[in-house]
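Visitor: Below you will find the structure I want to go over with you.
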Amino acid sequence: MKWIETVAEAQRLAKKRLPKSVYSALIAGSERGTTLEDNTGAFAELGFQPRVAGHSAKRDMATRVMGQDISMPVIISPTGVQAVDPDGEVAVARAAAARGIAVGLSSFASKSVEEVAAASPQVLFQIYWLGSKDEMVARMVRAKAAGAVGIILTLDWSFSYGRDWGSPQIPETMNLAAMLKFGPEAALRPKWLYKFAKSGKIPDLKAPNVLPSDQVAPTFFGAYGMWQATEPPAWEDIAWLRAQWDGPFMIKGVSRVDDAKKAVDAGVSAISVSNHGGNNLDGTPGVIRALPAVADAVGDQIEVLLDGGIRRGSDVVKAVALGARAVMIGRASLWGLAANGQAGVENVLDILRMGIDSGLLGLGHSSIADLSPDDLVIPDGFYRPLGVTQHS
Ligand SMILES: Cc1cc2nc3c(=O)[nH]c(=O)nc-3n(C[C@H](O)[C@H](O)[C@H](O)COP(=O)(O)O)c2cc1C
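Using the numbering used here, the first residue of the sequence shown is number 229, and each one after it goes up by one.
Written out as C-alpha cells, the structure is:
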C-alpha cells in the first residue's frame, strides 16, 4: 500500500474502510464534543518561533519513560480496539516494537495480555478501578507474569451517556441476530469484511484481560457493567493499589494540579494529563492547555506525559516544549491500524517521527531536551491551570 502522508489521510482511509458503527466508535467524544474539539484545536492555536542557521545535522529524540528506553517521546495509548482489525492489539504491539516505542494495552482490549506481551517487550498494561481488590491484584499479577513492564491506571472515565451526533450501536455479542443487523453495513466495506473472513475470526467483542485466563472472558458490556458497579476509589485506595505493583505505575487522566500532587503522594511514577480523548466530562479544557501548570508543579518529582489531540509530529514538539516528557496517541494509531494493519500503525509512527525531526530542525535544536516554551508562540489566555487554589 502506498505511503500515508498525514494522520488526517489515515483517518480518511479508516473512514472509507471501516463499517460505520466501528468508525464512529473510534471518533466517539462525549456530549457536545467541546473537549474533543479543544484537544486538537488548542494545538492549532500554538505557533513556532523558527531559527534559520546554526542547525545540527543530527537530531536526538530518544528518551526514557516508565523505565523504558524509547526511540522518540511517543507511546501508544491503551484503547479497546474491538473490531478494527483481526490482529487488533497484537498488530499495534508489533508496530510499536518495530519502531522502538512502548505500547499501552487496555484491559478492555480484544487480545490477551499474553499474546500482546509476546509481540512487544514494552507493554504497559492499563487497568481501571474495576471489581474487588483481589480481582485488581490478580489482573496485575497476570500481566506481570505475561511480561508487562508497567501499569497504567486510568481514572478519568465518567460514564457519560450521550453524544449530540449519536452513539454507535455496538452489539453485546456477535451472534446471528447481530450479524444480520450489522451485515448490510459491513457489506459496504468489503476489504474490512475480507480481512476478518480471511483470518477466520469474527470480532467477538470480548474482554479477555478482565478475569484470570482460566475463566470465561466476559463480553465487553459485561465487563463495563462490572466496572460501573464498582465503588470508585479514594486516594488511599490508589496508594494501596500502587503498592501492589513492583515497577513503574502511571495514573492516566489527571487534569488538575492538586490531583497531580496527590498522585505524587500516592507514590506513582508517572501521570498522563489526559481527558480520555474527549470521552469523559465534556467541557474539560484541551489537555495541552492544562499541561504546563501540572508539569511545573510535579514535573521534577514524577514523569508527566500528555495524551489527547496528537495528530502530527509538531504537536509532540509543542507538548514537549510545554513540559511533557512524552505523549501518548490514541486515535492516530487506531486510524493507522484501520487503514493498513501493522504497517499502517508503523506509517503513523513514522509520520510523527518525521514531524518531530522537522520541528527540531526548524527550531534549530539538536535534541528534544532543548525544547522550551520560548520555541512557541503562545496566545494570551491560552493556559488553563486547573485545580490551583484561586482564593488565597
Ligand atoms: C476508541 C477508543 C477507545 C479507548 N479505550 C481506552 C481504554 O480502554 N483505556 C484507556 O485508558 N483509554 C482508552 N481510550 C483513551 C485513549 O487511551 C487516549 O487517552 C485518547 O484516545 C487520547 O486522545 P487521542 O485519541 O486524541 O490521541 C480510548 C480512546 C478511544 C478513541
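Quick reminder that beta carbons are idealized off the backbone N, C-alpha and C, glycines included.
Using only alpha-carbon positions, find the residue among Val482, Ser497 and Ala471 that is nearest to Thr512.
Guide: Thr512 has its Cα closest to that of Val482, out of Val482, Ser497 and Ala471.
Visitor: At a threshold of 7 Å, does Gln239 count as lining ligand 1 (C-beta to nearest heavy atom)?
Guide: Gln239: no, Cβ never under 7 Å from ligand 1.
Visitor: Below 8 Å on the Cβ atoms is my contact criterion, and I expect Lys480 with Leu381 to pass it. Report the Cβ-Cβ distance as a whole number of Å.
Guide: At roughly 7 Å, the Cβ-Cβ gap stays under 8 Å, so Lys480 and Leu381 are in contact.
Visitor: Quick one, which of Trp420, Arg553 and Thr458 has its alpha-carbon nearest Ser386's?
Guide: It is Thr458.
Visitor: Please give the ranges of any alpha helix (DSSP H) in the region 390 to 476, keeping only runs that are unbroken, at least 4 residues long and fully inside the region.
Guide: Here the runs fully enclosed are 404 to 415, 418 to 427, 448 to 456 and 463 to 471.
Visitor: May I ask which residues mark the beginning and end of the beta strand (DSSP E) holding Phe353?
Guide: Val351 to Ile355 is the span of the beta strand (DSSP E), which, as asked, contains Phe353.
Visitor: Just grab the DSSP bridge partners of Met180 for me.
Guide: Nothing can be reported for residue 180, as the shown portion of the chain is limited to 229 through 620.
Visitor: Spatial neighbours of Arg461 within its chain, please: CB distance less than 7 Å, with the 5 preceding and 5 following residues excluded, ordered by chain position.
Guide: The displayed chain sequence assigns Pro, not Arg, to residue 461. Excluding residues within five positions, the ones whose Cβ falls inside 7 Å are Trp357.
Visitor: Using DSSP bridges, identify the partner residues of Ala498.
Guide: Answer is Met478 and Glu531, bridged to Ala498.
Visitor: May I ask you to check if the CB of Lys339 is nearer than 7 Å to at least one heavy atom of ligand 1?
Guide: No.
Visitor: How many Å lie between Ala324 and Ile355 at the Cα?
Guide: The alpha-carbon atoms of Ala324 and Ile355 are separated by roughly 20 Å.
Visitor: In the structure shown, what three-state DSSP assignment does Gln570 receive?
Guide: Gln570: helix per DSSP, three-state reduction.
Visitor: Determine the contact status of Arg517 and Tyr611, defining contact as a CB-CB distance below 8 Å.
Guide: Yes; because the gap between Cβ atoms is below 8 Å, this pair is in contact.
Visitor: According to DSSP, Ile380 sits in a beta bridge with which residue or residues?
Guide: According to DSSP, which records beta bridges pairwise, Ile380 is partnered with Gln354 and Met478.
Visitor: Tell me which residue opens and which closes the alpha helix (DSSP H) that Val312 is part of.
Guide: Taken as a continuous stretch (DSSP letters only), Val312 belongs to no alpha helix (DSSP H), as it is neither H nor E.
Visitor: Do the CB positions of Val365 and Glu343 come within less than 8 Å of each other?
Guide: Contact flag unset, no.
Visitor: Give the DSSP bridge partners of Arg292, in chain order.
Guide: Asp297.
Visitor: Can at least three beta-carbon pairs, one atom from the region 542 to 556 and one from the region 287 to 307, be found at a separation below 8 Å?
Guide: Yes, they touch.
Visitor: Might you give, ordered along the chain, the residues of its own chain that have their beta carbon closer than 7 Å to the beta carbon of Asp266, omitting 5 neighbours on each side?
Guide: For Asp266, where only same-chain residues beyond five positions count, the Cβ hits under 7 Å are Pro513 and Gly514.
Visitor: Report all residues from its chain with a CB closer than 8 Å to the CB of Gln277; omit the five preceding and five following residues, and keep chain order.
Guide: Closer than 8 Å at Cβ, skipping near neighbours: Leu591, Asp602, Asp603, Leu604 and Val605.
Visitor: Taking DSSP as the reference, what is the three-state secondary structure of Ser594?
Guide: Here Ser594 sits in coil by DSSP.
Visitor: Could you tell me which residues DSSP puts in a beta bridge with Glu259?
Guide: Answer is Arg391, bridged to Glu259.
Visitor: Look at the Cβ atom of Met294, then the Cβ atom of Ala498, and state whether they are nearer than 8 Å.
Guide: Yes, they are a contact pair.
Visitor: Is it true that the CB of Leu533 sits closer than 8 Å to the CB of Ser500?
Guide: Cβ atoms of Ser500 and Leu533: closer than 8 Å.
Visitor: Taking only the alpha-carbon atoms, compute the straight-line gap between Gly572 and Ala488 and give it to the nearest angstrom.
Guide: Going from the Cα of Gly572 to the Cα of Ala488 covers about 35 Å.
Visitor: Using a threshold of 7 Å, is the CB atom of His593 nearer than that to any non-hydrogen atom of ligand 1?
Guide: Result no, Cβ not under 7 Å from ligand 1.
Visitor: On the DSSP letters alone, give me the boundaries of the beta strand (DSSP E) that Val235 sits inside.
Guide: No beta strand (DSSP E) contains Val235, which is instead part of the alpha helix (DSSP H) from Val235 to Arg245.
Visitor: Mind checking Val438: buried by the 16 CB within 10 Å criterion, or exposed?
Guide: Buried.
Visitor: For the alpha helix (DSSP H) that Val492 lies in, which residues bound it at each end?
Guide: That run of the alpha helix (DSSP H) goes Val485 to Asp493.
Visitor: DSSP state of Val280, grouped into three classes?
Guide: Coil, per DSSP.
Visitor: Within the present structure, is the beta-carbon of Phe336 separated from the nearest heavy atom of ligand 1 by less than 7 Å?
Guide: Yes, Cβ of Phe336 sits closer than 7 Å to a heavy atom of ligand 1.
Visitor: For Ile298, which of Gly257, Arg245 and Leu352 has the nearest alpha-carbon?
Guide: Closest by alpha carbon: Leu352.
Visitor: What separation, rounded to the nearest whole angstrom, lies between the Cα atoms of Ala285 and Leu274?
Guide: Those two C-alpha atoms are separated by around 26 Å.
Visitor: Pull up the CB-CB distance for Val548 and Leu599, whole angstroms please, since I reckon it's below 8 Å.
Guide: Yes, they are in contact, since the Cβ atoms of Val548 and Leu599 sit about 5 Å apart, within 8 Å.
Visitor: Going straight from the alpha carbon of Ser441 to that of Ala256, what length do you get?
Guide: Whole-angstrom Cα-Cα distance: 30 Å.
Visitor: Starting from Gly332, trace the beta strand (DSSP E) in both directions and tell me its first and last residue.
Guide: From DSSP, the beta strand (DSSP E) with Gly332 extends over Val331 to Ser334.
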